[in-house]
Each structure stands twice: as C-alpha cells, then as structure tokens.
Amino acid sequence: MTDVSTTIAGVKFPSCFMNAAGALCVTREELVSLGQSQAGGIVTKSMTIEARQGNPEPRYYGFPGGSINSMGLPNLGYRAYAEMIPELKRFGKPVVASVSGLCEEDFPVIAAAINAAQPDLIEVNLSCPNIPGKPQIGYDPEASERIIKRVRPLITVPMGLKLPPYFDPAHHAVMGEVIGRCGVDFLNMINSVGNGLVVDPEREAVVIKPKGGFGGLGGKIIKPVALANVRAFYKFFEGKIPIIGTGGVVDGVDAFEHFLCGASAVQVGTVLVEEGLEVFGRLETELTEILKNKGYRSIEDFRGAVKEL
Ligand code: RRO
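So, in structure tokens, the structure goes:
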C-alpha cells in the first residue's frame, strides 16, 4: 500500500497536500469546503487584528506558468477565525492558523487569542510582500527574531514560520541562526516571490492595480527558487526541523521533487486557485503513481535523499 500521509511536528496529516495560506481560505465557506475536500489540512488566510478588504482590484492574475498577486491581506480578522476553529477541527484533519499583522505589536495579540482556540498548528507569516510601505519582515533578521521571541511563549501548539524566498546562502545562514536561537517547530517556504512585475504587451499595461503592478509571483515559474530554499534549510538544520514545501507545485512530480529536497508536506496556491478543490485528488493520484513506480511506500522512504553530483 502506498501511503501519502505525513507528520509535521508530531501532527498527523492524512494527505501531504494542502492549500497554501491565501488560496481559497478567506471565508468560512471556503474553509469548510477545504474541510470537505481531499486536502490533507485546512490552512487559514493570514489574519490581522481587524477584518480587511485588501488592496484594490484587479489584484490577482494567472498566466501560463504562474500568477502574480497583491491581495493586501483581505481577511475576516482573527476573532472570526478563532471562533471557526472548533468547527473546522471536526473535519478530522489538522487546522493550521496563519497569523500575520500590520505591525510587530499585532503578532502577540493575535497569537495569544488564536492559540486559545487551539488550532493544530500555528504558522507565523513573516513574508507578506503586498502591504504598501511595509517591507517583508523575513528580510529583516532582527525584526524577525523580535517577533518570533514575542510569540513563542504564547503558543502551545506546534509553531512554524512562513518564510520568504532567500537568494543567497549568506541569507539562509543568517535566518537559520535566528530560527535556531528561537526554537521553531516547523518551517514553511516559500511565500510568493515578492515584487515581480508582469506586463501585458497587448494592452501595454501591467496586469494588477496595487503598487504600480508589482506583486508576489507564484506557480510553476517559482519552483526552482522554492526547491532551493527547502534544500538549503533542510541541510542547515540537518533535517531536524520539518519543512512544508510551497512554491511551484502543479503536479505530482513537483511534489516528489519537494520531498526529495527535504519537504515533509507541500502546499498549493496558484494551481488551487486555477483548478479548484479537485486538484487535491489529482495530485494525490499522481504522487501515488510515482511512488508505486519507484517502489517507495511512503514519503519517508526518500525524503531529503536528492543526489548531489
Ligand atoms: O494577502 C496578500 O497579499 C499575500 C500575503 Br498576506 C502573503 O503572505 N503572500 C502573498 O503572496 N500575498
């Protein structure tokens, strides 16, 4: 029997595929639909203190190979998600609450209240690229460390970080040191590749409205960046901190590559938005087929085992 379940920080997921924070997970209806789907977990939209409409539209654009977004944290506010968590937990799969904030002080407020609602895991988003005037926290190691150290004592469920992509080994090392000092139970990488620009040559225009068209890139085009980050942190921590691989997973082969690089689960954003909830069944079938053909029984049989030349 081929087994595509996985475990992150001691929490068992019936399938290694789940939604990435932001993808079809803002409203109660969307979260319930994720619960009813074949997704292995339910990840909430990153939440702020107050509900937000987000940035002006158009703010998402899909194109062959990927997507660009500048949603601007549209969400219901943490109180609404805290209330929903008990209901979402009844679907028999882990609930992952994604905690964000518009300033450092917001993070502990939300973390404490959401922890009281006892999701199965909490993911602290240090990497939203789309709030005008606010840089991605994960690119500031000191600010990241301050925030992690403030929320860490407030969280009793496994706590993870959603990281932005890093593009230099020196940056992996600096953030690796920060994470090592703070005690983090899991990592999720990568968030979208921030501040890309997509141009429509027909219209001679950018494709999304906020920030002059700049936004976070997702989908197939970012897979090599995602794999590099998964691999770099897997090696930095010698496989001891579980990693959720996010970025560029469109089919079973992409997921297989993430696991080879060291991921224990994968999340899907762009392909979920483009294809809908049916994607989870397809991905599971495709990965199962690959594992069967290769003679692997589970992800643990080959996780992190990519060969170097
Ligand atoms: O809402 C967004 O604009 C957004 C967020 Br919070 C994030 O973490 N990553 C992203 O691509 N978009």
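Residue numbers for the sequence shown follow my numbering, so the first one is 71 and each next one is one higher. Beta carbons: idealized from backbone N, C-alpha and C, even for Gly. Nothing here was measured: the structure is a model prediction, and the numbers come from that model.
- Task: List the endpoints of the continuous beta strand (DSSP E) containing Ala335.
- Result: Annotation for Ala335: the continuous beta strand (DSSP E) segment containing it runs 335–338.
- Who are the near neighbours of Asn185 in its chain, counting only those whose CB is closer than 8 Å to its CB and skipping five residues on each side? Counting only Cβ-Cβ distances below 8 Å, and skipping sequence neighbours, we find Ile192, Leu224, Ile225, Thr226, Val227.
- Item | Residues sharing a beta bridge with Lys115, DSSP | Paired residues: none, contrary to the question.
- Message: Using only the alpha-carbon positions, how far apart do Thr72 and Gly374 sit?
- Response: If I take the Cα positions, the gap works out to 18 Å.
- Item | Proximity below 7 Å, CB of Ala243 to CB of Ser168 | In this structure, Ser168 does not lie closer than 7 Å to Ala243 by Cβ.
- Of the residues Cys198, Ile311, Glu272, Glu100, the one placed nearest Leu342, counting alpha carbons only: Closest option to Leu342, judged by alpha-carbon separation, among Cys198, Ile311, Glu272, Glu100: Glu100.
- Helix, strand or coil for Val313 per DSSP? Here residue 313 is Ile; the residue named in the question, Val, does not match the sequence. In this structure, Ile313 counts as strand in the three-state DSSP scheme.
- Message: My output table needs one value for Ala247: the three-state DSSP class, helix, strand or coil.
- Response: Here residue 247 is Glu; the residue named in the question, Ala, does not match the sequence. In this structure, Glu247 counts as helix in the three-state DSSP scheme.
- Message: Distance check for Asn299 and Ser316, CA to CA, integer angstroms please.
- Response: The displayed chain sequence assigns Thr, not Ser, to residue 316. Spanning the two alpha carbons is a distance of roughly 10 Å.
- Task: Inspect the beta-carbon positions of Val248 and Glu215 and report whether they are closer than 7 Å.
- Result: One thing to note: Val248 has its Cβ within 7 Å of the Cβ of Glu215.
- Item | Option in Arg352, Ala121, Leu143 with minimal Cα separation from Pro280 | The shortest Cα separation from Pro280 among Arg352, Ala121, Leu143 belongs to Leu143.
- Query: Sorry if obvious, but does the Cβ on Cys95 come closer than 6 Å to a heavy atom of the ligand RRO?
  - Reply: No, Cβ of Cys95 sits at least 6 Å from all heavy atoms of the ligand RRO.
- Query: Looking at Leu287 and Val263, is the spacing between their C-beta atoms short of 7 Å?
  - Reply: Contact flag set, yes.
- Item | Unbroken alpha helix (DSSP H) run spanning Thr97, endpoints | First-last for Thr97: undefined, no H or E at that position.
- What are the partner residues of Gly380, as DSSP defines its beta bridges? In the structure as shown, the chain begins at 71 and stops at 379. Residue 380 is therefore absent and cannot be evaluated.
- Counting Cβ pairs closer than 8 Å, one from the stretch 151–161 and one from the stretch 199–219, do we hit at least three? Counting Cβ pairs under 8 Å, fewer than three are found: no touch.
- Item | Residue from Phe133, Gly162, Val179 with nearest C-alpha to Tyr148 | Considering only alpha carbons, the answer is Val179.
- Item | Exposure of Lys232, with buried meaning 16 or more beta-carbon neighbours within 10 Å | Counting Cβ neighbours within 10 Å, Lys232 comes out buried, since at least 16 surround it.
- Query: Counting along the chain, where does the beta strand (DSSP E) carrying Asn258 start and finish?
  - Reply: DSSP places Asn258 inside the beta strand (DSSP E), whose first and last residues are 256–259.
- Local conformation of Ile201 per DSSP, three classes: Residue state, collapsed to three classes: coil.
- Task: Kindly confirm or deny that the stretch 78–95 and the stretch 349–361 touch, where touching means at least three C-beta pairs closer than 8 Å.
- Result: Yes, since at least three Cβ pairs between the stretch 78–95 and the stretch 349–361 fall closer than 8 Å, the two stretches touch.
- Task: Return helix, strand or coil for Glu348, following the three-state DSSP convention.
- Result: In the structure shown, Glu348 falls within a coil segment according to DSSP collapsed to helix, strand and coil.
- Which residues mark the beginning and the end of the beta strand (DSSP E) in which Leu267 is found? According to the DSSP assignment, Leu267 belongs to the beta strand (DSSP E) that extends over 263–267.
- Query: Does DSSP put Phe87 in a helix, a strand or coil?
  - Reply: In the structure shown, Phe87 sits in a strand (DSSP, three-state: E or B).
- Message: Please report the distance separating the alpha-carbon of Arg98 from that of Leu146.
- Response: Spanning the two alpha carbons is a distance of roughly 9 Å.
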